Amino acid sequence: QEIVSGESEEESNGVNLMEFSDEILLHILSYVPCTDLVLNVRRTCRKLATLCLDKSLTHTVLLQKDYKVNKDKVKQLMRDIGKEIYQLNMAGCYWLPSSTIDHVTRCKNLVKLNLSGCHVTSLRLSKMLSTLQHLRSLAIDVNPGFDASQLSSECKATLSRVLELKQTLYTPSYGVVPCCTSLEKLLLYFEILDRSREGFMLSGQLMVGESNVPHYQNLRVFYARLAPGYVNQEVVRLYLAVLSDRTPENLHAFLISAPGSFAETGATKNLLDSMARNVRLDALQLPKAWINGSGLLQHLKFNNPFYFSFSRCTLSGGHLIQRVINGGKDLKSLTSLNLSGCVHCLAPESLFRKAEDDIDSSILENLVVSCCNLRHLNLSAAHHHSSESIGSHLCQLLSRLKHLLSLALPVCSITDVAANVEKPPTASNLVPQTFGRKVRIGIQTYPRNLADQANQKIESSVFWALMGSLRFLETLEVIGSSFSSAMPRNEPAIRNSLPPCVRAQSVGDSEVAAISQLTYLQSLTLAQLPNILTGSGLINIGLQCQHLRTLSLANLGMMGKVVYMSALMDMLKHCKCLRDLRLEQPYFCAGAQFFQALSHCSSLQRLCIVSRSGTLQSDAVMSFMANCLEVIMCHMFMGESLTVCKNLQQSIVRSFQADRPALNVVIFPLLHEDLTEVIRDVPMRHLDEITLFKSRVAEEPPNLWW
1 QEIVSGESEE
11 ESNGVNLMEF
21 SDEILLHILS
31 YVPCTDLVLN
41 VRRTCRKLAT
51 LCLDKSLTHT
61 VLLQKDYKVN
71 KDKVKQLMRD
81 IGKEIYQLNM
91 AGCYWLPSST
101 IDHVTRCKNL
111 VKLNLSGCHV
121 TSLRLSKMLS
131 TLQHLRSLAI
141 DVNPGFDASQ
151 LSSECKATLS
161 RVLELKQTLY
171 TPSYGVVPCC
181 TSLEKLLLYF
191 EILDRSREGF
201 MLSGQLMVGE
211 SNVPHYQNLR
221 VFYARLAPGY
231 VNQEVVRLYL
241 AVLSDRTPEN
251 LHAFLISAPG
261 SFAETGATKN
271 LLDSMARNVR
281 LDALQLPKAW
291 INGSGLLQHL
301 KFNNPFYFSF
311 SRCTLSGGHL
321 IQRVINGGKD
331 LKSLTSLNLS
341 GCVHCLAPES
351 LFRKAEDDID
361 SSILENLVVS
371 CCNLRHLNLS
381 AAHHHSSESI
391 GSHLCQLLSR
401 LKHLLSLALP
411 VCSITDVAAN
421 VEKPPTASNL
431 VPQTFGRKVR
441 IGIQTYPRNL
451 ADQANQKIES
461 SVFWALMGSL
471 RFLETLEVIG
481 SSFSSAMPRN
491 EPAIRNSLPP
501 CVRAQSVGDS
511 EVAAISQLTY
521 LQSLTLAQLP
531 NILTGSGLIN
541 IGLQCQHLRT
551 LSLANLGMMG
561 KVVYMSALMD
571 MLKHCKCLRD
581 LRLEQPYFCA
591 GAQFFQALSH
601 CSSLQRLCIV
611 SRSGTLQSDA
621 VMSFMANCLE
631 VIMCHMFMGE
641 SLTVCKNLQQ
651 SIVRSFQADR
661 PALNVVIFPL
671 LHEDLTEVIR
681 DVPMRHLDEI
691 TLFKSRVAEE
701 PPNLWW
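Take the sequence shown: its letter number 271 is residue 271 in the UniProt record's numbering, and every next letter is one higher.
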């Protein structure tokens, strides 16, 4: 209506949107959610009515982060354009009732369907898949109560033609894998808890009647990601058992992501031996116990590898160069490399080396030269200390990787060696990182703009130069090598944290200010930067990084006080595109001033605050929720009482649930013994993407799923 009614005003200015070519208008409309196009924009004028139904806009429908969509909108959408939809993504639409899935049957031509995170029963799945004869790609959850015997013959016929399957398991089961006899890509996410809600121990043995053998003969990609717990390990071994008998000849990507210890067995050893003899891989990730101390990498053959992950392995730099890079072999095909937690990966050997010893820069230089097209690199969770006198600094070598889009580094790796050696310890460096009695110290005045910082010549630092050379970087993580979140996955909250690395003691405001050079930055994570005194660098980021969508800050500066609060509030006033904010800091005060500043983030959708001994003001939270209409997730784990938390949570749900169907609110004491029970009810989308802290750079191969 605004477009039509504003025509006269536009004509007077010489611009009329409707005079643009169809190609330009279609490009503009491609940024509008499909539900808005079909249900709203289409009704404005005849021209837009035609364009909104163009095949380029209706071929693929993405609802996965359309938090305003409800059952009625989905029903109307399927009724209007169901036959035109070939790809439908409803991943993470946890708020939609299971009956919504019934309307997918109108999409007779569907080729790809993603229902991860949606409520789907065995009977509903059977009814829906029976009508989707062209389906070739499917993503579903397998929840307790799933019964494969309820799948009809028509449903199984559809599954037999599926080539790609992504299956998230919340109960021990093969799910629909045995029915998918033509699988080429299999992605498995194991989220099975060791105990039921009633406290009973669960078994990893599959239920009777589900022992059908999976069909892997055509498999090209096998990926399994395990949440912590022994049941997940038991179940994945059953999936791997068939692979150990006969390895698919066309397998080119084999990836298993398992936290903690996942011991190698005779069956898995046979599988790896068979892979070494029969296949050439393009992507590889294995549990650390399967690589450590073995000569496996020496025997595996690679074709044109695009992804390697050796996360948490004790792989030395010498082995990395010899066995993976093959002594400097051209690896221009490699675009993603995860060396998170590989404490010795930049050292020639690991036998007599301490984790804090200096790196061998020649190994990193060899890596940079061989893998010159890297786009995603993760070096976090390790002490990568550059030598004072030998070789180039780590930041100088990384600056050669001009194609980097995402980068994760430990805090101690970005410090200037000379400055760290010559600079006497400041007062803040001498303050113990504990929760004991607060110590009053003198704090020098730090500049709040780039011009003043230029006068201090911080541009001469190696980290400043690195940020200046990676102009197109979209994701940056700078995480303390000894940092651990206070909120782990399936355990009580951590009460004590390890002190930061000695080399990291000088990293603070000036290094944060250097990040503001990243004009296209979209996601930023900063954790355990001990020398943050005012947080002045955050203001520069807010002003310069206008594309920032995700911000995660944890344990910055002294632990007994939030020294950067004023700067954070100034920063937030400029973050108009910010959608996700995660803050983890002891003694954080979520009061009226903070929420007033946060209200400037008009695009904010998800907020998570984790604070031991932290406080909140209920009225300020309610006012914030009323002002920020896009917020659909509010998670706060603070030091308040259970009564205060429950009352606030109920008030938010009561006041805003009706207008925000996707609203998910969890407000709970961080140190309460029932925290893990509360966490298990959080939708996996929020839990995995923001609530739980982890490094996400090169966590999975790029474009693993559409």
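Each residue gets a CB set at the ideal place from its N, CA and C atoms; glycine is no exception. Computed from a prediction, not measured in an experiment: that's the story for all the values here.
Subject >> Three-state secondary structure (DSSP) of residue 200 >> reply: coil
Original post:
For residue 376, does the count of other Cβ atoms within 10 angstroms reach 16, so buried, or fall short, so exposed?
Top reply: buried
Subject >> Bridge partners - residue 222, DSSP secondary structure assignment >> reply: 186, 254
**OP:** Quick one: residues in its chain with C-beta nearer than 7 Å to the C-beta of residue 156, no 5 flanking neighbours on either side, listed in chain order?
**Re:** 179
Original post:
Where residue 343 and residue 382 are concerned, what is the direct C-alpha to C-alpha distance, given to the nearest angstrom?
Top reply: 5 Å
**OP:** Can you say whether residue 444 is buried or exposed, counting buried as having 16 or more other CB atoms within 10 angstroms of its CB?
**Re:** Confidence at residue 444 is low in this model, with a pLDDT of 43, below 50, so the placement of that residue is unreliable and no value is reported for it.
Original post:
Just checking my contact of residue 717 with residue 607 at CB under 8 Å: how many whole Å lie between their CB atoms?
Top reply: The structure shown does not extend to residue 717, since the chain is modelled only from 1 through 706, so no value can be given for it.
Original post:
Taking just the CA atoms, how far does residue 188 sit from residue 142?
Top reply: 11 Å
Original post:
Any idea what DSSP makes of residue 477, helix, strand or coil?
Top reply: strand
Subject >> Through-space distance from residue 224 to residue 615, alpha-carbon basis >> reply: 39 Å
Subject >> Beta-carbon proximity list for residue 216, same chain, < 8 Å, skipping 5 on both sides >> reply: 183, 186, 222, 242, 243, 246, 248
**OP:** Please classify residue 480: is it buried, with 16 or more other beta-carbons within 10 angstroms of its beta-carbon, or exposed?
**Re:** buried
**OP:** Kindly identify the DSSP beta-bridge partner or partners of residue 19.
**Re:** Partner(s): none; residue 19 has no beta bridge.
Original post:
Does the Cβ-Cβ distance between residue 134 and residue 111 come in under 8 Å?
Top reply: yes
Subject >> C-beta atoms of residue 302 and residue 337 nearer than 8 Å >> reply: no
Subject >> Length-filtered (4 minimum) alpha helix (DSSP H) runs lying within the segment 293-372 >> reply: 296-299, 361-370
Original post:
Do the CB positions of residue 467 and residue 517 come within less than 8 Å of each other?
Top reply: yes
Original post:
Do residue 604 and residue 578 come within 8 Å of each other at the CB atom, strictly closer than that value?
Top reply: yes
Subject >> Nearest residue (CA-CA) to residue 87, options 366, 71, 107 >> reply: 107
Original post:
Going by alpha carbons, who is nearest to residue 63 out of 53, 129, 387, 100?
Top reply: 100
**OP:** Enumerate in chain order the residues of its own chain whose CB-to-CB distance from residue 300 is below 6 Å, with the five nearest sequence positions on each side excluded.
**Re:** 276
Subject >> For residue 532, the three-state DSSP class (helix, strand or coil) >> reply: coil
Original post:
Does DSSP classify residue 385 as helix, strand or coil?
Top reply: strand
Original post:
Can you tell which of 96, 53, 98, 94 has the C-alpha that lies nearest to the C-alpha of residue 83?
Top reply: 53
Original post:
DSSP state of residue 45, grouped into three classes?
Top reply: coil
Subject >> Cβ contact check for the segment 527-545 and the segment 494-512: 3 or more pairs under 8 Å >> reply: yes
Original post:
Does the separation of the CB atoms of residue 310 and residue 281 fall below 8 Å?
Top reply: no
Original post:
Candidates 617, 612, 611, 621: which alpha carbon is nearest residue 599's?
Top reply: 621
**OP:** On a CA-only basis, which of 38, 39, 49, 92 is nearest residue 22? Give me that one, please.
**Re:** 49
**OP:** Would you check if the distance between the CB atom of residue 61 and the CB atom of residue 34 is smaller than 8 Å?
**Re:** yes
Subject >> Residue range of the unbroken beta strand (DSSP E) whose run includes residue 593 >> reply: Run containing residue 593: none in the beta strand (DSSP E); it sits in the alpha helix (DSSP H), 592-598.
Original post:
Buried or exposed: residue 288, going by 16 or more other Cβ atoms within 10 Å of its Cβ?
Top reply: buried
Original post:
Do you know offhand how far residue 588's Cα is from residue 550's?
Top reply: 20 Å
Original post:
Just to confirm, are residue 504 and residue 415 a CB contact at a threshold of 8 Å?
Top reply: yes
Subject >> Option nearest residue 720 by Cα separation, candidates 151, 171, 696, 220 >> reply: Here the chain has residues from 1 to 706 only, and residue 720 is not among them.
Original post:
Can you tell which of 406, 283, 238, 278 has the C-alpha that lies nearest to the C-alpha of residue 268?
Top reply: 238
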